[in-house]
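Enquirer:
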Amino acid sequence: MPFPAETYPWHAAPWALAQAALGSDRVPHAWLFAGAEGLGKLAFAERLAARLLCETPSADGDACGSCRGCRLLAAGSHPDFTRVRLLQKGERLAGKTLSSDSTSLRIDQVREMIATLSLSAQYGRYKVALLAPADLLVPAAANALLKTLEEPTANTVLILVAARPWRLPATVRSRCQVLGFAVPARAQAEAWLAGRGVAAKDAGGLLGLAEGRPLQALELAGSDAVAARAATFDGFAGVLEGRADPLSVAASWAGDAAQRLRWAAGWMVDLARLASVGEQAVIDSPDLAARLHPLAQRIDLVQLFNRLDQLQESRRLLDTQVNTQLLCEQLLLDWDALARRPGA
């Protein structure tokens, strides 16, 4: 566990809520940190765990980093902290060596965690368990966890981190205090990326790729993803404007159809917002606003929704044995017809 945990400016609001609970001695026995990937939820969970186990918290509410509890946590040997995570090949679980990387959190891991939490806290403070990614708990593990959530031991805090909380049983979610993590404001995200060396001219495209998630955007920096998205939009706009050959564009999309259609779906939603609200609409791809605005003015809104429904159905078909190039061709031919429709 890294120490101190990294902090992010968009965590200010959820951290204030956590601090309020700590300050009023209303710490829930279970927290569920929910939000999209790429927002730093795990770092937040580690920061909170450190604060709970710190013996002399700093004036600003963070762990001090120097007390006995902080030193043990940094060394990975704090007896009152346990972590349930994805295991890697070669690690041992329930007396067996794993032959491959784990893709789920298993019942034996939860049982070991429960056994640890049943003991008294060795340092007289909290016992903390961190489960991440909690949405990968197998059903049996989630059921085993439920008993601990229903009958928590004294001074025990469970922290669950999930990008897809809906995968957790409702019985588990309902017994946790949910703390949501939202995508930060675009200006805040761009400023954070600038502080990590990302050029201003690239930040918008990266955030568009990452759906506004700063950590995801930083991972994409330096890759060819921005150029791929730009080329995809050129084809998308070209077909809607009637100046690009739908069959040629379909051929260029077929090799990575899932990603191309995901981008296209986002742009069509932005077009619907612009066509409905006008220039005041909040869109997911503000870096493309100058090109989306004129498109929105020439497209019939009812037909746009019809094409969006068709697109979403096509995205679902990608999980079948469908011929992806033929699927893209049919989509784009219909969009080409939309572009040429009178009044569009």
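Residues 6 to 349, numbered by this note's numbering, are exactly what the sequence shown covers, in order.
Just so you know, even glycine gets a beta-carbon here, dropped at the ideal spot from N, CA and C.
This one's a predicted model, so the numbers in the text were calculated from it and none came from an experiment.
By Cβ distance, which residues of its chain are closer than 6 Å to leucine 331, with the 5 residues on each side in sequence left out?
Expert: none
Enquirer: For lysine 132, which residues does DSSP report across the bridge?
Expert: Under DSSP, lysine 132 shares a beta bridge with Thr161.
Enquirer: Would you check if there are 3 or more beta carbon pairs closer than 8 Å linking the segment 296 to 303 to the segment 265 to 278?
Expert: yes
Enquirer: Taking the alpha carbon of valine 183 as the point to measure from, which residue in Ala35, Ser109, Leu225 has its own alpha carbon closest?
Expert: Out of Ala35, Ser109, Leu225, Ala35 has the C-alpha closest to the C-alpha of valine 183.
Enquirer: Could you tell me which residues DSSP pairs with leucine 98 in its beta bridges?
Expert: DSSP output for leucine 98 lists Lys101 as bridge partner(s).
Enquirer: Only counting runs of 3 or more residues, tell me where the beta strand (DSSP E) segments fall wholly within the segment 17 to 47, in order along the chain.
Expert: Counting only runs of 3 or more, we get 35 to 40.
Enquirer: Ends of the beta strand (DSSP E) at threonine 87?
Expert: 86 to 89
Enquirer: Report yes if the CB atom of alanine 226 is closer than 8 Å to the CB atom of cysteine 333, and no otherwise.
Expert: no
Enquirer: Grouping DSSP H, G and I as helix and E and B as strand, with all else coil, what is leucine 1?
Expert: Beyond the ends of the chain as shown, which are 6 and 349, falls residue 1; an answer cannot be given.
Enquirer: Would a C-beta distance cut-off of 8 Å place tryptophan 268 and glycine 240 closer than the cut-off?
Expert: no
Enquirer: Would you identify the three-state DSSP class for glutamine 302, choosing helix, strand or coil?
Expert: helix
Enquirer: CA-CA distance, tryptophan 340 and asparagine 328?
Expert: Taking the straight line from one Cα to the other gives about 19 Å.
Enquirer: Which complete alpha helix (DSSP H) runs does the segment 212 to 298 hold, if anything under 4 residues is left out?
Expert: 219 to 225, 230 to 245, 251 to 258, 262 to 282
Enquirer: DSSP has leucine 184 in a bridge; who is on the other side?
Expert: According to DSSP, leucine 184 bridges with Phe38.
Enquirer: Near glycine 363, what residues of its chain come up, given a Cβ to Cβ distance below 6 Å and the 5 sequence neighbours on each side ignored?
Expert: The requested residue 363 is not part of the displayed model; the chain covers only 6 to 349.
Enquirer: What do you get for lysine 101, buried or exposed, if any count of 16 or more other CB atoms within 10 angstroms of its CB means buried?
Expert: exposed
Enquirer: Can you tell me which of the three DSSP states valine 143 falls into?
Expert: In the three-state scheme derived from DSSP, where H, G and I count as helix and E and B as strand, valine 143 is classed as coil.
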